[in-house]
Each structure stands twice: as C-alpha cells, then as structure tokens.
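Q: Mind looking over this structure? Questions follow.
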Amino acid sequence: MSPLIRRLLVAILLVVLIAGGIWWATRPKPVAVVLKEIERGLVESTIANTRAGTVEACQRTRLSTITGGRIELLAVKEGDRVAKGQLLMKLWNDDQQAQSAWYVAQVATARQRVKEACTVAANAEREADRQASLRARGFVSQAKEDSARSEALARAAGCEAARADVVQAEARVRLTRVEQGRTVLYAPFAGTVAKIVGEVGEYSTPSPPGVPTPPAIDLIDDSCLYVKAPMDEVDAPKIAAGQPVRISLDALPKQSFPGTVKRVAPYVSAVEKQARTVDIEATFDDPQAPGKLLVGYSADVEVILDVRDNVVRVPTSALLEGGRVLVADADGTLVERKVRTGLANWEFAEVLEGLTPGDRVVTSLERAGVKAGVPYAVDGQATAAGR
2 MSPLIRRLLV AILLVVLIAG GIWWATRPKP VAVVLKEIER GLVESTIANT
52 RAGTVEACQR TRLSTITGGR IELLAVKEGD RVAKGQLLMK LWNDDQQAQS
102 AWYVAQVATA RQRVKEACTV AANAEREADR QASLRARGFV SQAKEDSARS
152 EALARAAGCE AARADVVQAE ARVRLTRVEQ GRTVLYAPFA GTVAKIVGEV
202 GEYSTPSPPG VPTPPAIDLI DDSCLYVKAP MDEVDAPKIA AGQPVRISLD
252 ALPKQSFPGT VKRVAPYVSA VEKQARTVDI EATFDDPQAP GKLLVGYSAD
302 VEVILDVRDN VVRVPTSALL EGGRVLVADA DGTLVERKVR TGLANWEFAE
352 VLEGLTPGDR VVTSLERAGV KAGVPYAVDG QATAAGR
C-alpha cells in the first residue's frame with residue numbers, strides 16, 4: 002500500500018472517529034421515566050366527601066334538668082354504662098318532698114271524710130225510703146216525707162263532694178311528683194355516659210332557649226354508629242339511599258370498610274366561607290369489622306356509582322389532556338398514542354380503544370423532558386414502587 006493511500010485511510014478514520022465523538026456528545030440523553038404495564042382489572046366511578054366526615058351515634062342526647070338547683074346526687078361517672086330508666090342525677094328537692102308528703106296525708110284525710118259523708122248519705126236515703134212508706138199508709142204527712150227526701154239528697158251531694166275532694170288531693174300529689182321530676186334525670190335509653198358537667202354541691206343550670214349552656218349529662222348509645230359526611234352539592238343528584246360505599250377512618254389507616262348510604266339530607270347546607278354541601282349518612286355493612294370506634298372519629302365516605310370488572314385499564318396519572326398517553330416503544334423512545342376511555346376515577350380509567358394488556362405507559366409525566374420522541378430509561382426503583 003502506497004504512503005498516500007495509507008495517509009488517506011488514516012484521515013478518513015480520524016474523520017469518522019471525530020464525527021462519532023461529536024454524535025455521541027450531542028445525542029439526546031435518555032429521560033428516566035416510571036412505567037406501568039397495562040392490565041385488566043376493576044374500574045369504579047366514585048365520588049367522595051369534600052370535607053372530613055364524622056362518626057356519629059344513632060342515639061345521643063344531652064340531658065339537663067328542667068329546673069335549676071343544687072346537685073345532691075350524681076349516680077354515675079363518665080364512661081359508665083347505664084340501663085334505660087336508670088337514675089343519673091338528682092337535685093336537692095327536700096321542700097318538694099315535704100309538700101308531697103303533706104298532700105299524701107290530705108288524700109288519706111279526704112278518703113276518711115268520704116267514708117263519713119257517704120255513710121251518713123246512705124242512712125239518710127234509708128230514712129227517706131222509710132218516710133215514703135209511712136206516708137203511703139197515712140201515718141206521716143207529705144211534708145215529713147219531703148223533708149226526709151231533701152235531707153237524703155243533701156247528704157248524697159255531700160258524699161259526692163267528699164269524693165271530689167279526694168280526686169283533688171290526688172291531683173295535688175301528682176303535681177308535686179311532676180315538680181320533683183323536674184329535678185331528676187333518668188336515662189332515656191341504654192348507653193354510655195360521655196360527659197358530666199358539674200359536681201355534687203354545685204348549682205346546675207338548665208339551658209334556656211337560644212342559650213348554648215353545656216348539658217348536665219351527655220349520653221351516647223354507641224351500640225349503633227354511622228358516618229355523616231358532607232358531599233358537594235353538584236354530586237348530590239347522583240347519590241341515593243342504598244348505594245354501596247367505602248368508609249375509611251383516620252384512626253385506622255390503610256383500611257376501608259364496605260357500607261351503604263342510609264340517608265341523603267333533603268336540603269343543602271350553606272356554611273359561611275365553605276362550599277355548599279349535602280350531608281349523607283352511611284352505615285357499616287358489618288358493624289363489628291372496624292372494632293371499637295369512638296363517636297367523633299373523622300371518616301371519609303366514597304360512594305360507588307358504577308363498577309366495571311375485568312376491563313383494560315390505564316392509571317389516571319398516565320393520561321394527558323385530550324385522552325393521550327406516552328407509550329414506551331420497543332426502539333427505546335416514547336410514542337404518543339390516542340386512547341378512548343370509559344368509566345374513570347382518580348386511580349384508573351377504563352380503556353375502550355388505543356391500548357392492550359402488556360403495553361407500558363409513562364406515569365411520571367411531571368418530570369422534565371418527558372415527551373413524545375425522546376429516548377427513555379426505565380427508573381427501576383420508581384417503577385417497582387409504583388406497581
């Protein structure tokens with residue numbers, strides 16, 4: 002080989018090496034992406050509450066005595082279980098008890114007067130009958146018979162008046178018992194004493210209308226619980242009693258419990274500086290599943306509107322505006338593809354056209370440089386975590 006040809010070959014090799022170096026230095030660098038493989042599965046259409054819901058008791062009453070007074074007896078403590086009709090609290094009412102005892106004695110006296118008056122009336126009635134018999138045989142005058150009959154009628158009226166006095170005295174006794182009932186509290190249902198306001202010897206004040214005075218005793222029936230949650234007014238027409246829901250509790254993270262819509266409020270709540278909402282009530286399908294719950298726990302309710310099972314689905318995080326996705330092509334670049342979706346929620350969307358099981362789509366769309374046509378490198382750690 003001549004020296005000229007050898008130099009020419011060396012020059013060509015140098016040019017190729019330089020061109021290759023320039024291409025290598027200026028080539029597009031792969032973008033690290035998180036990929037999710039398309040698969041079949043469950044897709045649901047759901048709506049959730051706008052603000053945190055609350056676990057409520059089916060029965061809860063805040064009790065106060067009808068009248069105020071000094072607390073004489075607290076028969077329970079906070080946390081106690083009580084039976085229906087059990088005495089909870091009593092105010093001092095010795096004056097009312099003394100008055101009741103006086104009226105009871107009056108009832109006894111009035112009954113004795115009934116015996117006396119009615120015995121005299123019966124005797125006067127017999128005397129009138131005797132005088133009538135004598136008058137019929139001509140032994141006494143008409144005036145004598147009339148006098149005896151008048152006496153009998155007067156004595157009968159006295160008997161009835163005595164009986165009326167008994168009724169009146171018994172009514173006074175009932176009245177005093179009603180007055181005493183204003184100073185005591187009994188459990189209207191079986192439950193747990195949540196809170197007691199006041200101690201023995203302190204003055205308990207009932208809550209006047211329009212004045213938010215704390216109740217003397219807060220009683221909760223925690224054997225029956227439900228969740229009350231506010232839903233956006235826009236979603237209210239989609240919700241009806243009987244629809245299935247998923248209930249999640251902050252106190253029990255990473256768990257959800259099936260339930261059912263029990264009631265939808267017939268009005269919209271307009272709270273100042275908050276969106277207008279409609280309250281719904283949901284019950285647990287299995288009340289024992291969450292275990293021991295406390296009234297007041299915060300909870301979220303997800304209403305399930307529709308369900309599609311065993312359908313091709315794509316993560317919602319992989320969807321671009323206009324129903325487009327970025328698919329990882331076999332040549333190492335990202336390819337844009339148009340898809341048609343059906344039922345969707347915040348996690349998955351049903352794919353009607355455009356993707357098949359096994360395709361891999363990009364879910365890390367927020368990363369810089371992620372677009373169609375660029376080479377990609379799989380972010381293995383992130384992809385594994387996203388599966």
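Going by my numbering, 374 is the number at position 373 of the sequence shown; the sequence numbering is gapless. Beta carbons: idealized from backbone N, C-alpha and C, even for Gly. All of these numbers come straight from a predicted model, not from anything done at the bench.
Helix, strand or coil for I240 per DSSP?
A: coil
Q: Going by DSSP, name the residue or residues bridged to V141.
A: DSSP output for V141 lists no bridge partner at all.
Q: Take T110 as the anchor and find which of Q132, A230, L88 and D166 has the nearest alpha-carbon.
A: D166
Q: Should the region 182-192 be regarded as contacting the region 219-233, the criterion being three or more beta carbon pairs within less than 8 Å?
A: yes
Q: Let me know the secondary structure DSSP gives V340 once reduced to three states.
A: It is coil, neither helix nor strand.
Q: Please tell me whether A300 and I248 are closer than 8 Å, where the distance is taken between their beta carbons.
A: yes
Q: Just how far apart, CA to CA, sit S373 and E337?
A: According to the sequence shown, residue 373 is Ala rather than Ser. Cα-Cα distance, rounded: 5 Å.
Q: Please state if the CB of T261 and the CB of D286 are separated by a distance shorter than 8 Å.
A: yes
Q: Thinking C-alpha only, which one of C225, Y268 and V16 is nearest Q60?
A: C225
Q: So, helix, strand or coil for Q132, using DSSP?
A: Three-state DSSP puts Q132 in a helix.
Q: So, with DSSP's three-state summary, where would you put S205?
A: strand
Q: Report the start-end ranges of each alpha helix (DSSP H) in the region 235-300 that is 4 residues or longer and not cut off at the edges.
A: Within the region 235-300, no run of alpha helix (DSSP H) at least 4 residues long lies entirely inside it.
Q: Determine the burial state of Y268: buried for a count of at least 16 other Cβ atoms within 10 Å of its Cβ, exposed for fewer.
A: Looking at its Cβ environment, which holds fewer than 16 other Cβ atoms inside 10 Å, Y268 is exposed.
Q: Cα-Cα, which of T317, L366 and T193 is closest to W347?
A: T317
Q: Report the option in V363, D310, S365 and V371 whose CA atom is closest to the CA atom of E351.
A: D310
Q: From L88 to K78, what does the alpha carbon distance come to, in whole angstroms?
A: 12 Å
Q: Please report the straight-line C-alpha distance between C119 and A58, rounded to a whole angstrom.
A: 59 Å
Q: Given a threshold of 16 other Cβ atoms within 10 Å of its Cβ, counted over all protein chains shown, does K37 qualify as buried or as exposed?
A: buried
Q: Report the residue ranges of all beta strand (DSSP E) runs contained in full by the region 45-97; include only those spanning at least 3 residues, in chain order.
A: 54-64, 70-75 and 88-92
Q: Should L15 be flagged as near chain B, meaning a C-beta pair shorter than 8 Å?
A: In the structure shown, chain B does not exist; there is a single protein chain.
Q: Quick one: what's got a C-beta closer than 8 Å to R112's C-beta in the same chain, skipping five residues either side?
A: V167
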